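Peer 1: The structure that follows is given in the form of structure tokens.
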Amino acid sequence: MARKKGLFIRTYGCQMNVYDSERMADVLRPLGYAPAASPDDADMVIVNTCHIREKASEKVFSELGRLRDAQARRRAAGNDLVIAVAGCVAQAEGAEIMRRQPAVDIVVGPQAYHRLPEMVARAVRAAGHRRPGATKGAGVLDTEFPVEPKFDHLPAPTTVTGGAAFVSVQEGCDKFCTFCVVPYTRGAEYSRPATAILAEARSLVAAGAREITLLGQNVNAWHGAAPDGSTGSLAQLIWALAEIDGLARIRYTTSHPRDMDDALIAAHRDVAALMPYLHLPVQSGSDRVLEAMNRKHDRDHYLRLIDQLRTARPDMALSTDIIVGFPGETDRDFADTLALVRDVGFASAFSFKYSPRPGTPAAMLERQVPEAEKDARLQALQALLGEQQRGFNATLVGRTIPVLFQEAGRKPGQVLGKSPWLQSVHASGPARLVGQIVDVHIVGAHAVSLSGEIVTDDIVQTAVTHPIEVAA
Ligand code: 5AD
Ligand code: SF4
411 MARKKGLFIR
421 TYGCQMNVYD
431 SERMADVLRP
441 LGYAPAASPD
451 DADMVIVNTC
461 HIREKASEKV
471 FSELGRLRDA
481 QARRRAAGND
491 LVIAVAGCVA
501 QAEGAEIMRR
511 QPAVDIVVGP
521 QAYHRLPEMV
531 ARAVRAAGHR
541 RPGATKGAGV
551 LDTEFPVEPK
561 FDHLPAPTTV
571 TGGAAFVSVQ
581 EGCDKFCTFC
591 VVPYTRGAEY
601 SRPATAILAE
611 ARSLVAAGAR
621 EITLLGQNVN
631 AWHGAAPDGS
641 TGSLAQLIWA
651 LAEIDGLARI
661 RYTTSHPRDM
671 DDALIAAHRD
681 VAALMPYLHL
691 PVQSGSDRVL
701 EAMNRKHDRD
711 HYLRLIDQLR
721 TARPDMALST
731 DIIVGFPGET
741 DRDFADTLAL
751 VRDVGFASAF
761 SFKYSPRPGT
771 PAAMLERQVP
781 EAEKDARLQA
791 LQALLGEQQR
801 GFNATLVGRT
811 IPVLFQEAGR
821 KPGQVLGKSP
831 WLQSVHASGP
841 ARLVGQIVDV
851 HIVGAHAVSL
861 SGEIVTDDIV
871 QTAVTHPIEV
881 AA
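Numbered according to the working numbering, the sequence shown spans residues 411 to 882.
Structural data, given as structure tokens:
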């Protein structure tokens, strides 16, 4: 075994990035890299970046500036710090990153993580030849989309903390919504074969997972090879997962309305382990804007899906993504969005100001909406969504619901878990409940969380009086 070296990973963006960060840690472990508490204790730092909105990608460069300083401190003490940039900014900007921040040694795109060990070896070799005081990085870059899928070369995840695990089943997107960089940074849609997914899920359950979330940029477009060689659908995959003994909860994210087929809707009715919660981005309630976004669905289509889902599973809670201030969005269009939100009643939602992304069609459109107008619309929308979320949370008070406890709470004697509807739930209880599903009587509802009392044969605890609010 190689000498132990510290690895610090900073992750921005979506669940897919969180998953990828874990895979990068796995692939570097055989080289002797183990988690470090901070960049100052690390021999290597990976910044796993997000390019979806301007704010997200700008954060990367200020982070890199801080890392350059940490690198200088490490070198002054006779050590080194390899700096790697991964994720969608790496894919989109490539060598430009090294030009803007010369301290960066490695730029690795999301499709090349399995080649990280070789890249790190090159960067470390280059560091050995560095003249004292030199500040230029090692210049190792890989943003290719390889022919062979990276999943075949990445080690499967082996550890589960808190009973919940993620499995990446699909990556990339062919939808080309006009505002979105994902089709450019993550590439064309690719579905992993069912056999690989099921094997990974089984080993996660054996390692303690009670809940599995299937991940993909367009997860319900999954069309991987089924075990019999035919092309499977997400509904079939969910049915196969539901047969795994010990797996109590199945979720999937993120979906596109166009790929919400009848079999998937029926699975919400028939598969008990499939949780009654769905994140289904709508982006806008105006048909005109949806068309300009190239969403390939209209408002009616979305509302029909919601009806079908609620018929299939009456306790279904819905979450969504909404963009305000898309180019050309008028007051009337925005009013249509508010009306759609009122019609559906969301349990939670993410809302964003439109952010023009270089290279996307919408960035070139005239009639960009002024920033002040975007701010005002976002505020009005978030007020409505916040009210809906609080209203939804309040409906749980007085009910007893199963909670999967995932971690110890911030205060001693507290545990923190998730309801079937993905709400955070706090209760007083022993840490040994982490990783278990336990009945909880809900006694309090807050903006983004619930508090409750654990109800089991041997534990009846009192409610937490000051619940921690967890940011959405
Ligand atoms: N500006 C603002 N929001 C965006 N999203 C994607 N691209 C942009 C953009 N250019 C939002 C969408 C998507 C979520 C992940 O991010 O709502 O569903
Ligand atoms: Fe982006 Fe649209 Fe693909 Fe979602 S469906 S990843 S918003 S292009």
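Yeah, the Cβ is synthetic: ideal placement off N, Cα and C, and Gly gets one too. Please read all numbers here as calculations on a predicted model, not as lab measurements.
Count the other CB atoms within 10 Å of the CB of Ser472; is the residue buried (16 or more) or exposed (fewer)?
Peer 2: Ser472 comes out exposed.
Peer 1: Are there 16 or more other CB atoms within 10 angstroms of the CB of Gln912, so buried, or fewer, so exposed?
Peer 2: Missing from the structure shown is residue 912; the chain here goes from 411 to 882 and no further.
Peer 1: Is Val592 a contact residue of the ligand SF4, with contact defined as CB to any heavy atom under 8 Å?
Peer 2: yes
Peer 1: Looking at Lys763 and the ligand SF4, is the gap between the Cβ and the nearest heavy atom below 8 Å?
Peer 2: no
Peer 1: In this structure, does DSSP put His851 in helix, strand or coil?
Peer 2: strand
Peer 1: Tell me, to the nearest whole angstrom, how far the beta carbon of Ile660 is from that of Ala683; I am working on the premise that it is less than 8 Å.
Peer 2: 5 Å
Peer 1: Using three-state DSSP, classify Thr866 as helix, strand or coil.
Peer 2: coil
Peer 1: At what residue ranges does the segment 626-671 contain a whole run of the alpha helix (DSSP H), taking only runs of 4 or more?
Peer 2: 644-652
Peer 1: How should Phe586 be labelled, buried or exposed, when 16 other C-beta atoms within 10 angstroms of its C-beta is the threshold for buried?
Peer 2: exposed
Peer 1: May I ask which residues mark the beginning and end of the beta strand (DSSP E) holding Thr605?
Peer 2: Note, Thr605: premise wrong, no beta strand (DSSP E); alpha helix (DSSP H) at 604-616.
Peer 1: Does DSSP put Pro445 in a helix, in a strand, or in coil?
Peer 2: strand
Peer 1: Between which residues of its own chain and Ala772 is the CB-CB distance below 8 Å, once the five residues before and five after are set aside?
Peer 2: Thr588, Phe589, Ala702, Met703, Phe736, Pro737, Tyr764, Pro766
Peer 1: Going along the chain, which residues of its own chain have a beta-carbon closer than 8 Å to the beta-carbon of Arg794, five neighbours each way excluded?
Peer 2: At residue 794 the sequence reads Leu, which differs from the Arg that was named. The residues are Leu748, Val751, Arg752.
Peer 1: Is the Cβ-Cβ distance between Ala447 and Gln816 less than 9 Å?
Peer 2: Contact check for Ala447 against Gln816 fails: the beta carbons are separated by 9 Å or more.
Peer 1: Give the range of the alpha helix (DSSP H) segment to which Asp708 is assigned.
Peer 2: Per DSSP, Asp708 lies in no alpha helix (DSSP H) and is assigned neither H nor E.
Peer 1: Enumerate, from N- to C-terminal direction, the unbroken alpha helix (DSSP H) stretches of 4 or more residues contained entirely within the segment 674-702.
Peer 2: 697-702
Peer 1: Whole angstroms is fine: what's the gap from His626's alpha carbon to Pro667's?
Peer 2: Reading the sequence as shown, one finds Gly at residue 626 and not His. So the two alpha carbons sit approximately 14 Å from each other.
Peer 1: Within the present structure, is the beta-carbon of Ala702 separated from the nearest heavy atom of the ligand 5AD by less than 8 Å?
Peer 2: no
Peer 1: Considering only residues of the segment 546-596, which uninterrupted alpha helix (DSSP H) runs meet the minimum length of 4 residues and lie entirely inside it, listed in chain order?
Peer 2: 592-595
Peer 1: Got a sec? Which residues, its chain only, sit under 7 Å from Arg679 by beta carbon, not counting five neighbours each side?
Peer 2: Short of 7 Å from the beta carbon of Arg679, and not among the five residues preceding or following it, lie these beta carbons of its own chain, in chain order: Ala722, Arg723.
Peer 1: Which class does Leu791 belong to by DSSP, given the choice of helix, strand or coil?
Peer 2: helix
Peer 1: Does the Cβ-Cβ distance between Val492 and Ala548 come in under 9 Å?
Peer 2: yes
Peer 1: By DSSP's criteria, Gln824 is part of a beta bridge. Which residues make up the other side?
Peer 2: Ser838
Peer 1: Is Gly416 helix, strand or coil by DSSP?
Peer 2: Strand at Gly416.
Peer 1: Can you pull the DSSP bridge partners for Ser859?
Peer 2: Ser834
Peer 1: When the Cα atoms are used, what is the spatial distance from Thr553 to Arg483?
Peer 2: 29 Å
Peer 1: Closer than 8 Å: is that where the CB of Cys460 sits relative to any heavy atom of the ligand SF4?
Peer 2: no
Peer 1: If you pair each beta-carbon of the segment 619-634 with each one of the segment 788-806, do three or more pairs fall below 8 Å?
Peer 2: no
Peer 1: In whole angstroms, what is the alpha-carbon distance linking Ala865 and Gln846?
Peer 2: A small fix is needed here, since residue 865 is Val in this sequence, not Ala. Going from the Cα of Val865 to the Cα of Gln846 covers about 13 Å.
Peer 1: Taking Ser758 as part of the beta strand (DSSP E), name the residues at either end of that continuous run.
Peer 2: Going by DSSP, Ser758 is part of the beta strand (DSSP E) stretching over 758-763.
Peer 1: What separation, rounded to the nearest whole angstrom, lies between the Cα atoms of Ser729 and Ala537?
Peer 2: 47 Å
Peer 1: If you draw a straight line from the C-alpha of Val550 to the C-alpha of Val577, how long is it?
Peer 2: Looking at the two C-alpha atoms, the distance is approximately 29 Å.
Peer 1: Based on the DSSP secondary-structure assignment, which residues constitute the bridge partners of Ala727?
Peer 2: Tyr687
Peer 1: Starting from the Cα of Ala818, find the closest Cα among Pro830, Ser834, Val807 and give me that residue.
Peer 2: Comparing Cα positions, the closest option is Ser834.
Peer 1: To the nearest angstrom, how far is the alpha carbon of Arg705 from that of Asp669?
Peer 2: 12 Å
Peer 1: Just to confirm the assignment, what range does the alpha helix (DSSP H) spanning Ile507 have?
Peer 2: 506-510
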